[in-house]
Amino acid sequence: MLEDINNLFKKIFSNEETLVFALLLTIGFLIIFFLGNILTPFLMSLVFAYLLIGMQKRLEYYGLNSTIALIVTYGFFLLIGVALMVWLGPLVYQQLQSLILEIPKWVNSFMVFVQNVPDDYPDLVSSDQITTFLQSLSGQITAISQDFLKASIAGIQNTVTIAINLILLPILVFFFLFDRNSIISGFLSILPKERAMLQNVWVEMDDQLSNYARGKAIEIVIVGLAAAIVFMYFNLQYIALLSVLVGFSVLIPFLGAFIVTLPVAAVGLLQFGVSLDFWVLMGAYLVLQILDGYLLVPLLFSDAVKLHPVIIMLAVFVFGAIFGFWGVFFAIPIATLIKAIWNSWPENLST
Numbered sequence: 078m079l080e081d082i083n084n085l086f087k088k089i090f091s092n093e094e095t096l097v098f099a100l101l102l103t104i105g106f107l108i109i110f111f112l113g114n115i116l117t118p119f120l121m122s123l124v125f126a127y128l129l130i131g132m133q134k135r136l137e138y139y140g141l142n143s144t145i146a147l148i149v150t151y152g153f154f155l156l157i158g159v160a161l162m163v164w165l166g167p168l169v170y171q172q173l174q175s176l177i178l179e180i181p182k183w184v185n186s187f188m189v190f191v192q193n194v195p196d197d198y199p200d201l202v203s204s205d206q207i208t209t210f211l212q213s214l215s216g217q218i219t220a221i222s223q224d225f226l227k228a229s230i231a232g233i234q235n236t237v238t239i240a241i242n243l244i245l246l247p248i249l250v251f252f253f254l255f256d257r258n259s260i261i262s263g264f265l266s267i268l269p270k271e272r273a274m275l276q277n278v279w280v281e282m283d284d285q286l287s288n289y290a291r292g293k294a295i296e297i298v299i300v301g302l303a304a305a306i307v308f309m310y311f312n313l314q315y316i317a318l319l320s321v322l323v324g325f326s327v328l329i330p331f332l333g334a335f336i337v338t339l340p341v342a343a344v345g346l347l348q349f350g351v352s353l354d355f356w357v358l359m360g361a362y363l364v365l366q367i368l369d370g371y372l373l374v375p376l377l378f379s380d381a382v383k384l385h386p387v388i389i390m391l392a393v394f395v396f397g398a399i400f401g402f403w404g405v406f407f408a409i410p411i412a413t414l415i416k417a418i419w420n421s422w423p424e425n426l427s428t
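Here the sequence shown stands for residues 78 to 428, where the numbers follow our numbering.
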């Protein structure tokens, strides 16, 4: 038994490179698991830097000097960041506050509607059933209110953290962009000199992830803008807030579109009621989601992520449960990494 385990271990870790790589993977997973929230600005800056490097290379391809392309790329990042903080951020926050203030009115209207149900439909429900339901609902609202109060207090405390992160983000992106060669050299110095497997993994990962990251950024912008146009046509309330939610919902494969449909339908139902405008709104929103799933996604990701949809959904559930938000955010990259490692590992276990 021990000999079989020893042989399996030797087969899996057949050289120094595999041992070092396994150690680095373990350390990386543990860091994300225990320090993911603390390292939020570092992780976000890595994502932005990775996206901007692709933009810089594209500018160099069109003939710009490397330094000039880098400056233009970082300047574009700062310009977009300032625009989001000065215009979109406050607008979304204002609409979120307005939405929160409207919730008690909606709850009261719903309770009045429920109270009138026994009179309108006496054969369907009784007054006792409605009383029991309202008591249960009242208890749930009380619990939610307490949780909301706690969240508000935590939100005040987190405001300082968010402000610090917003200050750190452009600084970290600057260093990851302008000093990336020295950072990469320092990282490579701790790796074995013989690293054929690591190079194979990196080649496969870099090709797929660069396409995936760039495609997701483009998809967020296109879907968010298209949603804003649809909502503006119907003069829907909370356009900026709902458009941002719809845009960022594409980060959660398959499930994001379903989840964000709930607030869109709720706002539309409360504004228009069960009317023709509501059904046309939901029909237009459904067409948007269909065009995203069957037209935009194939165009952007035809060669980006070569994973089966079932594997992608499994990755979202598994890594989301393990790592929380960052697990959902990096579900596809992590799944792609695992696939690349499996394909490049010496003495592959499938043989």
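All C-beta atoms in this analysis are idealised placements derived from N, C-alpha and C, irrespective of residue type, glycine included. Just so you know, these numbers come straight off a predicted model, no measurement behind them.
Backbone CA spacing between Tyr139 and Leu178 [nearest angstrom]: Looking up residue 139 in the sequence shown gives position 62. Looking up residue 178 in the sequence shown gives position 101. If I take the Cα positions, the gap works out to 51 Å.
Start and end residues, alpha helix (DSSP H) containing Met162: Translated into the one-based positions of the sequence shown, residue 162 becomes position 85. Met162 -> no alpha helix (DSSP H), and no H or E assigned at all.
Spatial distance of Ile109 from Trp403 (CA atoms): By one-based count along the sequence shown, residue 109 stands at place 32. By one-based count along the sequence shown, residue 403 stands at place 326. About 8 Å.
C-alpha distance - Leu168 paired with Ile261, whole-angstrom precision: By 1-based counting over the sequence shown, the position of residue 168 is 91. By 1-based counting over the sequence shown, the position of residue 261 is 184. Their Cα atoms are separated by approximately 39 Å.
Assigned exposure category for Leu226 - 16 Cβ within 10 Å defines buried: Translated into positions along the sequence shown, residue 226 becomes position 149. With a pLDDT of 49 at Leu226, under the threshold of 50, the predicted position of this residue should be treated as unreliable, and no value is reported.
Endpoints, alpha helix (DSSP H) assigned at Asp354: In the sequence shown, residue 354 corresponds to position 277, counting from 1. Segment Leu353 to Leu368, the alpha helix (DSSP H) holding Asp354.
Top-ranked residue by Cα proximity to Leu136, from Gly292, Leu100, Ser352 and Tyr151: Here residue 136 is taken as the residue at index 59 of the sequence shown, counted from 1. Among Gly292, Leu100, Ser352 and Tyr151, the Cα nearest to that of Leu136 belongs to Tyr151.
6 Å CB neighbourhood of Ala408 in its chain, flanking five on each side removed: Here residue 408 corresponds to residue number 331 of the sequence shown, with the count starting at 1. Closer than 6 Å at the Cβ level, and outside the excluded window around Ala408, lie Ala392, Val393 and Phe396.
Endpoints, alpha helix (DSSP H) assigned at Ala136: Along the sequence shown, one-based indexing puts residue 136 at 59. Ala is not the amino acid found at residue 136; the sequence shown has Leu there. Run containing Leu136: Thr117 to Tyr138, per the alpha helix (DSSP H) assignment.
Range of the contiguous alpha helix (DSSP H) that encloses Trp419: Working through the sequence shown from its first residue, we reach residue 419 at position 342. Here the alpha helix (DSSP H) through Trp419 covers Ala408 to Ser421.
Spatial distance of Val124 from Leu161 (CA atoms): As a working note, residue 124 is residue 47 in the sequence shown. As a working note, residue 161 is residue 84 in the sequence shown. Cα to Cα, the separation comes out at about 17 Å.
Close-in-space but distant-in-sequence residues of the same chain around Phe106 (CB under 6 Å, 5 per side omitted): Position 29 of the sequence shown, counted from the first residue, corresponds to residue 106. Around Phe106: no qualifying Cβ.
Candidates Val323, Lys134, Ile295 and Ala290: closest to Phe306 by CA position: As a position in the sequence shown, residue 306 is number 229, starting the count at 1. At residue 306 the sequence reads Ile, which differs from the Phe that was named. When each option's Cα is compared against that of Ile306, the closest is Val323.
Gly263 classed as buried or exposed, judged by whether at least 16 other C-beta atoms fall within 10 angstroms: The residue you call residue 263 lines up with position 186 of the sequence shown. Gly263 is exposed by the Cβ-count criterion.
Collapsed DSSP secondary structure at Ile230 in the structure displayed: Position 153 of the sequence shown, counted from the start, is the residue given in the question as residue 230. In this prediction, Ile230 has a pLDDT of 48, which is less than 50 and means its spatial position is unreliable; nothing more can be read from the coordinates.
The region 273-282 / the region 296-303 touching (three or more Cβ pairs under 8 Å): no
Through-space distance from Gly370 to Gly292, alpha-carbon basis: Your numbering for residue 292 matches position 215 in the sequence shown. Your numbering for residue 370 matches position 293 in the sequence shown. Their backbone Cα atoms lie some 13 Å apart in a straight line.
Backbone secondary structure at Tyr315 - three-state DSSP: The sequence position of residue 315 within the sequence shown is 238, counting from 1. Of the three classes helix, strand and coil, the one that applies to Tyr315 here is coil, per DSSP.
Burial state of Val387, where buried means 16 or more other Cβ atoms lie within 10 Å: On the sequence shown, residue 387 is found 310 positions in, with the first residue counted as 1. The residue in question, Val387, is exposed, as its Cβ has fewer than 16 Cβ neighbours within 10 Å.
Coil, strand or helix - Ile267 by DSSP: In the sequence shown, residue 267 corresponds to position 190, counting from 1. Ile267 falls in the coil class under three-state DSSP.
Candidates Ala361, Val357 and Ser320, of which the one nearest Pro340 by Cα: Stepping through the sequence shown from its first residue, residue 340 is reached at position 263. Closest option to Pro340, Cα to Cα, is Ser320.
Buried/exposed call for Thr413, threshold 16 Cβ in 10 Å: In the sequence shown, the residue the question calls residue 413 occupies position 336. That one is buried.
Cβ pair Pro410, Asn242 closer than 8 Å: Stepping through the sequence shown from its first residue, residue 410 is reached at position 333. Stepping through the sequence shown from its first residue, residue 242 is reached at position 165. Not closer than 8 Å, so no.
Among Leu128, Ile418, Ala361 and Ser122, nearest to Met274 - alpha-carbon criterion: To locate residue 274, count along the sequence shown from 1; it is residue 197. Measuring from the Cα of Met274, the nearest candidate turns out to be Ile418.
Classification of Tyr310 by the beta-carbon crowding that lies within 10 angstroms, buried from 16 upward: For the purposes of this step, residue 310 is taken as residue 233 along the sequence shown, with counting starting at 1. Classification of Tyr310: exposed, given that the 10 Å Cβ count is below 16.
Exposure label - Ser229; buried when at least 16 CB within 10 Å: Counted from its first residue, the sequence shown places residue 229 at position 152. Legend: pLDDT at Ser229 = 48, less than 50; position of this residue unreliable, no value from coordinates given.
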